[in-house]
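Student: So the sequence lines, in the order shown, correspond to chains A, B and C.
As numbered in the UniProt record's numbering, the first sequence has no gaps in its residue numbers, which increase by one up to the final residue, 253.
As numbered in the UniProt record's numbering, the second sequence has no gaps in its residue numbers, which increase by one up to the final residue, 253.
As numbered in the UniProt record's numbering, the third sequence has no gaps in its residue numbers, which increase by one up to the final residue, 253.
Glycine included, every Cβ here is placed at the ideal spot set by N, Cα and C.
Computed from a prediction, not measured in an experiment: that's the story for all the values here.
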Amino acid sequence: MFEARLAQGMILKKIIDALRELVTDVNLDITKEGISLQAMDASHVALVTFMLRAEFFADFHCDKPQALGISISSLAKVIKCAENEDCIVIRAEDNASLITLIFEGKSEDRISEFNLNLLSLETEHMGIPDQEYAAMIQIPSSELNRICRELSQLSDTINIDINKERVIFSVNGDTGRGAISLSQKNDKNILQVVNNVNASFALRYLNLFNKASNLTTSVILSVSEDLPLILQYDFEIGSMKYYLAPKINDEFS
Amino acid sequence: MFEARLAQGMILKKIIDALRELVTDVNLDITKEGISLQAMDASHVALVTFMLRAEFFADFHCDKPQALGISISSLAKVIKCAENEDCIVIRAEDNASLITLIFEGKSEDRISEFNLNLLSLETEHMGIPDQEYAAMIQIPSSELNRICRELSQLSDTINIDINKERVIFSVNGDTGRGAISLSQKNDKNILQVVNNVNASFALRYLNLFNKASNLTTSVILSVSEDLPLILQYDFEIGSMKYYLAPKINDEFS
Amino acid sequence: MFEARLAQGMILKKIIDALRELVTDVNLDITKEGISLQAMDASHVALVTFMLRAEFFADFHCDKPQALGISISSLAKVIKCAENEDCIVIRAEDNASLITLIFEGKSEDRISEFNLNLLSLETEHMGIPDQEYAAMIQIPSSELNRICRELSQLSDTINIDINKERVIFSVNGDTGRGAISLSQKNDKNILQVVNNVNASFALRYLNLFNKASNLTTSVILSVSEDLPLILQYDFEIGSMKYYLAPKINDEFS
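#1: When the Cα atoms are used, what is the spatial distance from residue 225 (chain B) to residue 134 (chain B)?
#2: Mind checking residue 219 (chain C): buried by the 16 CB within 10 Å criterion, or exposed?
#3: So which residues on chain B does residue 185 (chain C) lean against when the C-beta distance must stay under 8 Å?
#4: How would you call residue 248 (chain A), buried or exposed, if buried means at least 16 neighbouring beta carbons within 10 angstroms?
#5: Ignore the nearest five residues each way along the sequence and tell me which others in residue 55 (chain C)'s own chain have a CB closer than 6 Å to its CB.
#6: First and last residue of the beta strand (DSSP E) that includes residue 20 (chain B)?
#7: Please give me, in chain order, every unbroken run of the alpha helix (DSSP H) with length at least 4 that falls completely inside the segment 56-126 of chain A.
#8: Since residue 141 (chain B) is in the alpha helix (DSSP H), which residue starts that stretch and which ends it?
#9: Is it right to say residue 251 (chain C) is buried, meaning 16 or more other beta carbons lie within 10 angstroms of its own, or is it exposed?
#10: Alpha carbon to alpha carbon, how far is residue 210 (chain C) from residue 126 (chain C)?
#11: Can you list, in chain order, the stretches of the alpha helix (DSSP H) that have 4 or more residues and sit fully within the segment 133-213 of chain C?
#12: Spatial neighbours of residue 36 (chain C) within its chain, please: C-beta separation below 8 Å, excluding the five flanking residues on both sides.
#13: Can you have a look at residue 150 (chain A) and say buried or exposed, based on whether 16 or more other CB atoms are within 10 angstroms of its CB?
#14: Using a threshold of 8 Å, state whether the C-beta atoms of residue 190 (chain A) and residue 162 (chain A) are closer than that.
#15: Go ahead and label residue 143 (chain C) buried or exposed: buried means 16 or more other beta carbons lie within 10 angstroms of its beta carbon, across all protein chains shown.
#16: Would you tell me roughly how many angstroms separate the C-alpha atoms of residue 10 (chain A) and residue 237 (chain A), rounded to the nearest one?
#17: Using a Cβ-Cβ distance cut-off of 8 Å, determine whether residue 164 (chain B) contacts chain A.
#18: When you compare the CB of residue 77 (chain C) with every CB in chain B, is at least one pair closer than 8 Å?
#19: Buried or exposed: which applies to residue 85 (chain B), given that a residue is buried once 16 or more other Cβ atoms fall within 10 Å of its Cβ?
#20: Identify, in the order they occur along the chain, each residue of the same chain with its Cβ nearer than 7 Å to the Cβ of residue 253 (chain C), setting aside the five sequence neighbours on each side.
#21: Should residue 108 (chain B) be labelled buried (16 or more other beta-carbon atoms within 10 Å of its own) or exposed?
#22: Compare the C-beta of residue 252 (chain A) against all C-beta atoms of chain C and say whether one is closer than 8 Å.
#23: Is there a C-beta anywhere in chain C that falls below 8 Å from the one on residue 177 (chain A)?
#24: Who pairs with residue 33 (chain C) in a beta bridge, going by DSSP?
#25: Return the residue from the list B:13, B:5, B:4, B:74 that minimises the CA-CA distance to residue 26 (chain B).
#26: Can you tell me whether DSSP reads residue 51 (chain A) as helix, strand or coil?
#27: Is it buried or exposed for residue 122 (chain A), if we count other Cβ within 10 angstroms and need 16 for buried?
#28: Given this structure, state the Cα-to-Cα distance separating residue 116 (chain C) from residue 175 (chain A), to the nearest angstrom.
#29: Does the segment 188-208 of chain C come within contact of the segment 156-173 of chain C, defined as at least 3 CB pairs closer than 8 Å?
#30: Quick one: list the residues of chain C neighbouring residue 80 (chain B), beta-carbon separation under 8 Å, in chain order.
#31: Can you find a heavy atom of the ligand MN that lies under 7 Å from the Cβ of residue 27 (chain B)?
#32: Measuring straight from C-alpha to C-alpha, what distance separates residue 83 (chain A) and residue 132 (chain B)?
#33: Less than 8 Å between the beta carbons of residue 215 (chain A) and residue 233 (chain A), yes or no?
#34: Whole angstroms is fine: what's the gap from residue 259 (chain A)'s alpha carbon to residue 114 (chain A)'s?
#35: How many angstroms separate the CA atom of residue 93 (chain A) from the CA atom of residue 112 (chain A)?
#36: Quick one: residues in its chain with C-beta nearer than 6 Å to the C-beta of residue 206 (chain A), no 5 flanking neighbours on either side, listed in chain order?
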């Protein structure tokens, strides 16, 4: 049997918000170590992974590793029924055909129980090699969210240009050009630059990734010209990562 | 002549909000006792009634009983022009062809006057017998609102199962099942149960009735398996009741 | 070269909000005195003008008068990227083909720079004679906004009836009539009436003009039966005026 208890259900709401526009049906991989996910978007351009660590749950029990096939849109409907302060229990028998979610209200006069049918999904796990990136920057997640949303007004491609002093996010559209520059003047923005780097990405995907900005206050971007961009969000019970290949035909070059 | 003065116009806004998606043209019945209404929805499945008692108005004067035929959508447009703190005067001559609404601002430098043409509507008053219900429960109106809205995500039919310890609201949809249980652990939820009861209802109507949850903090549900469900909202100047027949083909049985 | 520095960028956001639904492409006229605009709406029914005075900018420099042709919708997209507290610098070379906007964040770790292509627009400046109006009234801009929005529910034409004691805004629609009366009981409403006046106007345009109510707390209406209505909004760095011809076939007469 698998049973996990989350003291603050709100975190699960935010995780699902950060997934629901990117992926549809996914396998949750349950092991003694925790709950993990690896899923590509429908167009096989972006990859999202997370690991929720067993030790950060109020309670976590897993007899036998298993993959739980979930419809994210169904799970999103159910999770809306949890109040932010609810404690959430997730439960599945071994070889389960359904997953049970229990929402326990704080005042204990309210308990909600939902059962979702599990899906049988083909799994194709990719090995993701650990690679050295030319630059890593840590900035407020709300700032990246805002920059991408705003520059989307002018173009669908964003250029990220990093050197030791500053990172410049820029677009070049029909109506005009725009560039937003962040420097390392204070602790808010941290730049770790091995080599200067300049790469372009589809804003459409970055805007989807930015849904995770509700999970935590800062985001780490790993950027190299020939590697997938990584956006990493670390939060109370684990970590979420998004991968996106650079645009080859760089409009800015 | 009929003239009534409401010190807090906001209550009238909320009453109209609680009607406007359910009924279109209605007769307001004016008597010395107050203003009452009985109206069925267009599909003749649900019934709404209210009684606003003369003694709870700042001023109430009615020479002669009469029925004022009103378009709720027109009245809703007009009532939007009242500010929440406005005092509202409603006036109609005997055998009136129009109804006058006057909104008096607090600072007295602003007076709005609206005249709506009255409609001539056929009236078919139903006698509603007082009947004994198997169970009556009082719960926060916002809680019922939330439960119905959320369970609507999974199905269009809700089952209400009441015994002396708790009430369970549940749905059974294609993507999964859900159940929300409220127990009488504190004063918030009051259960008066003569007999256990289990009945199903169309969520569509309950969601319309729940617009009245802005009127007051709690709602009383009267439930029997062979009687219409009643939702009763008591507020400062009167009471509003919604009636809905149970679904015969209970999906849950 | 032209360069102007606005300490509070928010004012520019509000000015563009007050224009963007009324006009599309406009010439900004740059002189030593400041930035001015005169533009008609597409249907040539309404006229909007503003003057932003050089002396109210943190910095203002203009070598040579020039007209900068701007797409308001493009400018609106760019200006969304400014935060409310940002300082905004506007810059253009002489005979410029593009305009540069720079948004400087308060904490100085964030600078955004946008370049918009300029348009070549035909200019047709109208002389607007200073004329004597029968009545001028000053009322809260939010009040006029609310009155027009609300009365729009009932009709698309508003009648303004002013005498020394009060101004009545009224409509006469199919579902009913409405009238909102403001009197000069306190400092909020100031009536300066040479002659009583009664004129009608298209609410559609007044609702567009009312977007300027975010710029300042009060608005001055100049009303005569045979002259364009003027709505004047005075704010920190200048003044914005809207002109609208009265409706000839007065529905209220």
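Tutor: In short:
#1: Here the question's residue 225 (chain B) lines up with position 225 in the second sequence. Here the question's residue 134 (chain B) lines up with position 134 in the second sequence. If I take the Cα positions, the gap works out to 8 Å.
#2: Position 219 of the third sequence, counted from the first residue, corresponds to residue 219 (chain C). Classification for residue 219 (chain C): buried.
#3: Along the third sequence, one-based indexing puts residue 185 (chain C) at 185. Going along chain B in sequence order, the residues near residue 185 (chain C) (Cβ under 8 Å) are 107, 108, 109.
#4: The residue labelled residue 248 (chain A) in the question sits at position 248 within the first sequence. Exposed is the label assigned to residue 248 (chain A), since fewer than 16 other Cβ atoms lie within 10 Å of its Cβ.
#5: Looking up residue 55 (chain C) in the third sequence gives position 55. Same-chain partners within the cutoff: there are none.
#6: Sequence index remark: in the second sequence, residue 20 (chain B) carries index 20 (1-based). It is not in any beta strand (DSSP E) - residue 20 (chain B) carries neither H nor E in the DSSP assignment.
#7: Counting only runs that start and end inside the segment 56-126 of chain A, the alpha helix (DSSP H) elements of at least 4 residues fall at 72-79.
#8: Indexing the second sequence from 1 puts residue 141 (chain B) at position 141. Taken as a continuous stretch (DSSP letters only), the alpha helix (DSSP H) holding residue 141 (chain B) covers 141-151.
#9: Along the third sequence, one-based indexing puts residue 251 (chain C) at 251. Model confidence at residue 251 (chain C) stands at a pLDDT of 48, short of 50, so the residue's coordinates are unreliable; what they give is reported in the following sentence. Label assigned to residue 251 (chain C): exposed.
#10: As a working mapping, residue 210 (chain C) is identified with position 210 in the third sequence. As a working mapping, residue 126 (chain C) is identified with position 126 in the third sequence. CA-CA distance, residue 210 (chain C) to residue 126 (chain C), rounds to 23 Å.
#11: Taking only runs of at least 4 residues, the alpha helix (DSSP H) segments lying wholly in the segment 133-213 of chain C are 141-151, 203-209.
#12: Counting from 1 along the third sequence, the entry for residue 36 (chain C) is found at position 36. Residues of the same chain with a CB within less than 8 Å of the CB of residue 36 (chain C), apart from the 5 flanking positions on each side, are 28, 29, 49, 50, 51, 52 in chain order.
#13: Reading the first sequence from its first residue, position 150 is the one you call residue 150 (chain A). So residue 150 (chain A) counts as buried.
#14: For the purposes of this step, residue 190 (chain A) is identified with residue 190 of the first sequence, where counting begins at 1. For the purposes of this step, residue 162 (chain A) is identified with residue 162 of the first sequence, where counting begins at 1. In this structure, the beta-carbon distance from residue 190 (chain A) to residue 162 (chain A) does not fall below 8 Å.
#15: Working through the third sequence from its first residue, we reach residue 143 (chain C) at position 143. With 16 or more other Cβ atoms inside 10 Å of its own Cβ, residue 143 (chain C) counts as buried.
#16: Stepping through the first sequence from its first residue, residue 10 (chain A) is reached at position 10. Stepping through the first sequence from its first residue, residue 237 (chain A) is reached at position 237. Rounded to whole angstroms, the separation of the alpha carbons of residue 237 (chain A) and residue 10 (chain A) is 12 Å.
#17: Your numbering for residue 164 (chain B) matches position 164 in the second sequence. Taking Cβ atoms only, chain A never reaches closer than 8 Å to residue 164 (chain B), which makes this a no.
#18: Here residue 77 (chain C) is taken as the residue at index 77 of the third sequence, counted from 1. Between residue 77 (chain C) and chain B, the shortest Cβ-Cβ separation is not below 8 Å.
#19: Start at 1 with the first residue of the second sequence, and residue 85 (chain B) comes out as number 85. Burial check for residue 85 (chain B): the Cβ neighbour count within 10 Å stays below 16, so the residue is exposed.
#20: As a working note, residue 253 (chain C) is residue 253 in the third sequence. Caution applies to residue 253 (chain C), whose pLDDT of 41 falls short of 50 and renders its modelled position unreliable; the value that the coordinates give is listed next. Contacts found: none.
#21: Here residue 108 (chain B) refers to the residue found at position 108 when the second sequence is read from its first residue. So residue 108 (chain B) counts as exposed.
#22: What you label residue 252 (chain A) is simply residue 252 of the first sequence in a count that begins at 1. Confidence is the limiting factor: at residue 252 (chain A) the pLDDT is only 46, short of 50, which leaves the residue's position unreliable and the question unanswerable from this model.
#23: As a position in the first sequence, residue 177 (chain A) is number 177, starting the count at 1. Against chain C, the CB of residue 177 (chain A) has a partner CB under 8 Å away; the residue lies at that interface.
#24: The count along the third sequence starts at 1 and reaches residue 33 (chain C) at position 33. DSSP lists no partner for residue 33 (chain C).
#25: Within the second sequence, numbered from 1, the residue matching residue 26 (chain B) stands at position 26. For the residues B:13, B:5, B:4, B:74, the minimum Cα distance to residue 26 (chain B) belongs to B:74.
#26: One-based indexing of the first sequence puts residue 51 (chain A) at position 51. Here residue 51 (chain A) sits in strand by DSSP.
#27: The residue labelled residue 122 (chain A) in the question sits at position 122 within the first sequence. Around the beta carbon of residue 122 (chain A), a 10 Å sphere encloses fewer than 16 other beta carbons of the protein chains shown; the residue is thus reported as exposed.
#28: One-based indexing of the third sequence puts residue 116 (chain C) at position 116. One-based indexing of the first sequence puts residue 175 (chain A) at position 175. Approximately 6 Å, taken between the alpha carbons.
#29: Yes, since at least three Cβ pairs between the segment 188-208 of chain C and the segment 156-173 of chain C fall closer than 8 Å, the two stretches touch.
#30: What you label residue 80 (chain B) is simply residue 80 of the second sequence in a count that begins at 1. By Cβ distance, chain C contributes 150, 153.
#31: Judged by which ligands are present, the structure shown has none, so any question about the ligand MN falls away.
#32: Along the first sequence, read from residue 1 onward, the residue named residue 83 (chain A) stands at position 83. Along the second sequence, read from residue 1 onward, the residue named residue 132 (chain B) stands at position 132. Cα-Cα distance, rounded: 35 Å.
#33: As a working note, residue 215 (chain A) is residue 215 in the first sequence. As a working note, residue 233 (chain A) is residue 233 in the first sequence. Annotated as proximal: residue 215 (chain A) and residue 233 (chain A), with beta-carbon spacing under 8 Å.
#34: Given a span of 1 to 253 for chain A in the structure shown, any question on residue 259 (chain A) remains unanswerable.
#35: On the first sequence, residue 93 (chain A) is found 93 positions in, with the first residue counted as 1. On the first sequence, residue 112 (chain A) is found 112 positions in, with the first residue counted as 1. Between residue 93 (chain A) and residue 112 (chain A), the C-alpha separation is close to 19 Å.
#36: Here residue 206 (chain A) corresponds to residue number 206 of the first sequence, with the count starting at 1. 148, listed in sequence order.
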